[in-house]
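Numbering (my numbering), first residue to last: 330 to 687.
Glycine is no exception: its CB is placed at the ideal position from the N, C-alpha and C atoms.
A short worksheet on the structure shown next.
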Amino acid sequence: MTLAEEPVRHRGGRYLVRREQAPVGRLLPYRRANGETPPRRARIDAVRENGWRVDFGSRGLGDLLLGLAMAQALHDATHDQFDALEYAGSRADLIARCTLPVTVAYGDGHTLGTRGSDNALEFDAVPESPPTLLDLVDADMVEVHAALPMRYYLDIEQTLGVRLPASDDPCPRFRSSVAAPEAFHVVFVATTSRPDRKDYGIDNFGAVAEHLSARHSSAWRFSLLTPPGHQPPASVGRIEGLHGPAAVDCIDLFATAELVIGNDTGLTHLAALTLRADGTQPHVVGLYGRHGYAKWITGSPRHNAVATPFSHLMSLADACPVRDRYDDTVWSTASDLRAIPAKDIADFAGQCAGWWQR
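Structure follows, in structure tokens:
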């Protein structure tokens, strides 16, 4: 067995494959795609009577955003009993923009649940826990639920024993008042929690911009989100730099863009969850080096990925280099995000945005 030799390009949306090509995962105990439902459990009665609360811990922005699918699942199961939710935590300004019916208050950590529920049932959003789930469609095909939001959603569905409405892509969206995108506006997300291991690099994003410009003559606009104190070098001077913006301030910026290309990080996930006033969303391409792209993605049809061979291996094995203590350097340069040619990213991103066919 050998690793993939080239970067992997993944289009977002439903993940249907032949059964012999499915990644490692746990078989869903009912055939959901064919209309079957999980066995009813007593916990659904308890949660509808007492309410619920999700604890997201003190994790980063990306974990919080993808974990909101768990809150969406619980809300879908109990909205007839509890029509109002409340959030307490450090991201109150951001959560106030999401499509859940939530009031917010600042506090430590992140919790979200039904309002005024003293005996609420507690749920923990722990990204290391839920496995990839495989739903048999027929004798030949299987639907793969590998994206973390759908893992959370189906975990709640099985815990409560009630069929929930979403078939895929269950994350709440974040509203923008922007009505429509600016033609050929591209935003690059160069922020990351691991600059040494998960950053494509400002110079490389500049090279992607150059390839896009060379591919199609138009009035391009490029924006670059960088950590505080990082200035774009002269070689990418045509790109407007935005240094350390707050997440809530990025929603309207993402809404103005036709395309967002970014590191595997929270702001890139937020771009994929941004909802314009007309109901449309930007196209997003996430760049994955160490972690499995199939898991760390929203599941939206507009959330795509370019990944290293090591990221592809993690996706197939449903493995995690942190949880499973894998040293990705053992696989030589297979996890080197910066080894992915800028031209490959530009060509694929333009396809995703509908600017060219190949």
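query: Meets three-Cβ-pair contact criterion under 8 Å: the region 438–456 and the region 378–396; result: yes
query: C-alpha gap between Q686 and D464, whole angstroms; result: 32 Å
query: Rounded distance between the beta-carbons of G618 and R526, thought under 8 Å; result: 7 Å
query: Boundaries (first-last residue) of the alpha helix (DSSP H) holding T407; result: L390 to T407
query: Spatial distance of A636 from I590 (CA atoms); result: 13 Å
query: Nearest-angstrom beta carbon gap, Y529 and N592 [assumed within contact, 8 Å]; result: 6 Å
query: Backbone secondary structure at C427 - three-state DSSP; result: strand
query: Residues that L345 bridges to, as DSSP identifies them; result: E472
query: Continuous alpha helix (DSSP H) stretch holding L477: start and end; result: L477 to L489
query: Complete alpha helix (DSSP H) runs within the region 590–672 (minimum length 4 residues, chain order); result: 595–601 and 638–646
query: Per DSSP, the bridge partner or partners of V577; result: Answer is none; V577 lacks a bridge partner.
query: Same chain only: Cβ atoms within 6 Å of R348, ignoring 5 sequence neighbours per side; result: V471
query: Nearest-angstrom beta carbon gap, P499 and P478 [assumed within contact, 8 Å]; result: 5 Å
query: Cβ shell of E335 (< 7 Å), same chain only, five flanking positions each side left out; result: none
query: Spatial neighbours of G279 in its chain, beta-carbon cut-off 7 Å, leaving aside the 5 residues before and after; result: A query on residue 279 cannot be resolved here, the shown segment of the chain reaching from 330 to 687 and no further.
query: Contact check, W549 vs V507, beta carbons under 8 Å; result: no
query: Contact under 8 Å by Cβ, T597 with V537; result: no
query: Between the CA atoms of R667 and I674 - distance to the nearest angstrom; result: 11 Å
query: Buried or exposed by the 16-neighbour rule on C-beta atoms within 10 Å, applied to Q350; result: exposed
query: Neighbourhood of P368 by C-beta distance below 7 Å, restricted to the same chain and skipping five residues each side; result: G490
query: Validate contact between the region 417–432 and the region 358–377 using beta carbons, cut 8 Å, 3 pairs; result: no
query: Which residues DSSP lists as bridging L541, in chain order; result: For L541, which the question treats as bridged, DSSP gives no partner whatsoever.
query: Cβ-Cβ distance between L493 and A398 below 8 Å; result: no
query: Cβ-Cβ separation, A682 to L588 (assumed contact under 8 Å), whole Å; result: 5 Å
query: Sheet register partners of F517 (DSSP bridge); result: L553 and I590
query: Where V455 sits in the DSSP three-state scheme; result: coil
query: For V507, the first and last residue of its enclosing beta strand (DSSP E); result: Looking at the DSSP string, V507 is not in any beta strand (DSSP E), and its letter there is neither H nor E.
query: CB of D647 within 8 Å of CB of V353, strictly; result: yes
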